[in-house]
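If you read the protein sequences in the order shown, they are chains V and F. Under our numbering, the final residue of the first sequence carries the number 331; numbering is consecutive throughout. Under our numbering, the final residue of the second sequence carries the number 1331; numbering is consecutive throughout. Glycine included, C-beta positions come from ideal geometry on N, C-alpha and C. The model shown is predicted, which means the values in this text are computed figures rather than measured ones.
Protein chains: 2
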Amino acid sequence: MADRKLRVHIENTRKKAGIHQITRQLWRAACARHRALARRLEVSEGWDGDILEDALVDAVAVIGVPGHREKLKSRAPRLKWLHAMSAGVDGFQPFDWLPRGVTFTNNSGAHGVKAEQYMGMAYNLLNSRMAEITANQQHRRWQAVYTPNIIGKTAVIVGLGDLGGAAAQAAKKLGIRVIGVRRSTQKHRDADRVVSYRQLERVLPQADFVVLAAPLTAETRGMLGAKQLDLLKPAAGVINIGRGPLLDTRALEKRLRSGRLGGAVLDVVDPEPLPEHHSLWHAPNLIITPHVSCDDGERYIDISLDLWFENLALFLSGKTLKHRVNPKLGY
Amino acid sequence: MADRKLRVHIENTRKKAGIHQITRQLWRAACARHRALARRLEVSEGWDGDILEDALVDAVAVIGVPGHREKLKSRAPRLKWLHAMSAGVDGFQPFDWLPRGVTFTNNSGAHGVKAEQYMGMAYNLLNSRMAEITANQQHRRWQAVYTPNIIGKTAVIVGLGDLGGAAAQAAKKLGIRVIGVRRSTQKHRDADRVVSYRQLERVLPQADFVVLAAPLTAETRGMLGAKQLDLLKPAAGVINIGRGPLLDTRALEKRLRSGRLGGAVLDVVDPEPLPEHHSLWHAPNLIITPHVSCDDGERYIDISLDLWFENLALFLSGKTLKHRVNPKLGY
């Protein structure tokens, strides 16, 4: 019987925050939620490569991308499915290490619920000028800052995947009009209009909020630079929940300091982590959150493993997996 | 014809913020929106009492509560309807100056839309520990603060009028369970459960968020004091959008400083404005906004005058006005 089981290796790293580690307890809890599927698995668990080479010899599926990926084909001859525990896979580009015939999936789908809550807050942080109010509190200044109703404002949302879709949903719930910007121009339930990346500059002048929620690829890197920022209304606000380098940090900082922009809320920055000496920390009208917007602090692994088991059912029945990374597109 | 018109006096004060002043332009715009009703009015506009005594002699309706209210009966013998441009009328207590036969209305209804947006933000500010994250930004510290999903949390909302109703609506949209606390136990569309003021202490232990949105009266003053705060979970957050003295500020500050509470978001404080030297400014896990949560910074007067004209239609047809202050209840 044993050899009919699917060999799965879980590769963890202690460098990640605790909420991102697949502990034995969390794995067992996931198996209990997916008992019939879990019975078909034979699982090894490794930390920072301790048993990696042995495990790779007969692993068919691996959860967690190994730190060293050279010669994976010969090290893992039976490998069919590699799963990244993050949604963004820009850290693994270029994908020349990925053996042909191995399906690479990312953790898209695990971030939408928290992302929607964060975005509902972020639009209001900008609209109610909370960075200014917080600075006033810091300086012990009671000074009324009256702000308009948010209903009827416009958000330009770049990327309409798990994160961008959540940003669109949060916007619609607040009565904000949504212009989605994506690689294709495929419609989206919560977007009033969808345009392609190439049309970004045409829609930016309409934005009260610009939300960056695209994957980081060669195509999207630096897509909101000085030129694009200068197309925005002076009161517009920028939100980045995607990846720091989607945005030209220096260009943004310059415009915040000159008052050319209304404000910004950044959950991701460039460089990241932001060094202590970096001038961005104290740019005016800016709120920085430390890359925590979209991760459920209590259930990140539970949610992620449920998505993995959903894909496992597809895998075992020979169907096409969800959340496949397209190496050519880079995400 | 002229003497058939209703004499209305508008009493403004330059002490109030600009967004709270009924300028001639805004009044005319309101009249244009309510043309048929406006035609039946003869209106005087005064500032800080400049023409008040003359106007009171034959005014039937007054918008804006005069600063000096002594002997109003003899100064304004024809007065039937006095309208306050604020929702809270605690500043005019006790109501011994109000002549019998004069209907006193407040500006309830003008604050719900902005209040809902503020509350949607405030719950998330507490749940995502934004005060801590903002302090980290201030100190140039990149430190992940992971926080749980907000869905399924519980809000205890004290007061279910215009503000409390908005707080309940914002909560339900976020998937937060709502326990309403009000003088009556009348049901509310967005409350899963409603209890009376007397039952407050019984429901406080369930709260992840406590929202104060009640009018300030003899009954509600200090209703969230040391004893009540100590009934809360250690991670619970307190939000005050009502009036500062509903809450024992010193008791709250002490518990924030000792880590006995999760945090607080205060739009109103006691004393107000908060003096520069007050220690509350820098209490940990606290966000202070300067009494701006519920006022539309662009359309406060438009919204308020639309509500007044709605009441005017009732007044002219001899019907009972909305948003009447009950002098015995104090709001």
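| Check | Outcome |
| --- | --- |
| Roughly how many whole angstroms lie between the Cα atoms of F/L1200 and F/R1129? | 26 Å |
| Just the chain F side, please: which residues come within less than 8 Å of V/R24 by C-beta, in chain order? | In chain order: nothing, as chain F lies at least about 21 Å away. |
| Tell me, please, which residues DSSP counts as bridged to F/I1157. | F/G1180, F/V1211 |
| Relative to chain F, which residues along the region 133 to 156 of chain V have a C-beta separation below 8 Å, given in chain order? | I133, T134, N136, Q137, Q138, R140, R141, W142, Q143, A144, V145, Y146, T147, P148, N149, I150, I151 |
| Quick one: Cα of F/L990 to Cα of F/E1219, how far? | Since the first and last residues shown for chain F are 1001 and 1331, residue 990 of chain F lies out of range. |
| Any chance the CB of V/E310 is under 8 Å from a heavy atom of the ligand ADP? | In terms of ligand content, the structure shown is empty, and the ligand ADP therefore cannot be addressed. |
| Measure from the alpha carbon of V/Q186 to the alpha carbon of each residue in V/G161, V/M119, V/L256, then state which is nearest. | V/G161 |
| Count the other C-beta atoms from every protein chain shown that fall within 10 angstroms of the C-beta of F/A1002, then say buried if there are 16 or more, exposed otherwise. | Because the pLDDT at F/A1002 is just 47, under 50, the model does not fix this residue reliably, and the value given afterwards should be weighed accordingly. Burial call: exposed. |
| Just verifying my parser: in three-state terms, what is the DSSP assignment at V/G91? | helix |
| Between the region 1236 to 1243 of chain F and the region 1192 to 1199 of chain F, are three or more C-beta pairs nearer than 8 Å? | no |
| Compute the beta-carbon to beta-carbon distance between V/K59 and V/V8, rounded to the nearest angstrom, for a pair I have assumed lies under 8 Å. | Sequence inspection shows Ala at residue 59 of chain V; the Lys mentioned does not correspond to that position. Yes, V/A59 and V/V8 are in contact; Cβ-Cβ is about 7 Å, under 8 Å. |
| From the beta carbon of F/A1017, is the nearest beta carbon of chain V less than 9 Å away? | yes |
| Going straight from the alpha carbon of V/E70 to that of V/G88, what length do you get? | 20 Å |
| So is V/H277 buried or exposed if we call it buried at 16+ other beta carbons inside 10 Å? | exposed |
| Three-state secondary structure (DSSP) at F/G1018? | helix |
| Can you pull the DSSP bridge partners for V/F104? | V/L82 |
| In chain V, which residues lie with their C-beta within 8 Å of the C-beta of F/P1234? | Going along chain V, no residue has its Cβ under 8 Å from F/P1234, so there is no contact; the nearest lies around 16 Å. |
| Looking at chain V, is there any beta carbon in it that lies within less than 9 Å of the beta carbon of F/D1295? | yes |
| Measure the C-alpha to C-alpha separation of F/G1159 and F/K1233 and round it to an integer number of angstroms. | 21 Å |
| For V/L274, which residues in chain F fall below 7 Å Cβ to Cβ? | W1142 |
| Give a yes or no on whether the minimum CB-CB distance between F/I1335 and chain V is below 9 Å. | Outside the displayed range of chain F (1001 to 1331) lies residue 1335 of chain F, so it cannot be described from this structure. |
| May I have a chain-ordered list of the beta strand (DSSP E) segments no shorter than 3 residues that lie completely inside the region 1015 to 1065 of chain F? | 1041 to 1047, 1061 to 1063 |
| For the region 198 to 211 of chain V, enumerate the residues whose C-beta is nearer than 7 Å to any C-beta of chain F, in chain order. | none |
| Are the CB atoms of F/N1106 and F/L1174 within a distance shorter than 9 Å? | no |
| Kindly indicate if chain V contains any beta-carbon less than 9 Å away from that of F/K1114. | yes |
| What first and last residue would you give for the beta strand (DSSP E) that runs through V/G263? | 263 to 266 |
| Using 9 Å as the limit for Cβ to Cβ distance, is V/P290 near chain F? | yes |
| Can you give me the C-alpha to C-alpha distance between V/W81 and F/D1295, rounded to a whole angstrom? | 55 Å |
| Please confirm if F/M1001 has its CB atom under 9 Å from at least one CB of chain V. | Its pLDDT being 44, under 50, F/M1001 is placed unreliably in this model, and the value from its coordinates should be taken loosely. No, because no Cβ of chain V sits closer than 9 Å to the Cβ of F/M1001. |
| Does the beta-carbon of F/T1320 have 16 or more other beta-carbons within 10 angstroms, so that it is buried, or is it exposed? | exposed |
| Would you say V/W81 faces chain F, with C-beta separation under 9 Å as the test? | no |
| Hey, how far is the Cα of V/D302 from the Cα of V/V43? | 17 Å |
| Given a cut-off of 9 Å, decide if F/A1084 and F/L1163 are closer than it, judged by their beta-carbon atoms. | no |
| Do the region 316 to 330 of chain V and the region 1028 to 1048 of chain F make contact, defined as three or more Cβ pairs closer than 8 Å? | no |
| Going by other Cβ atoms of all chains shown within 10 Å of its Cβ, with 16 needed for buried, is V/D270 buried or exposed? | buried |
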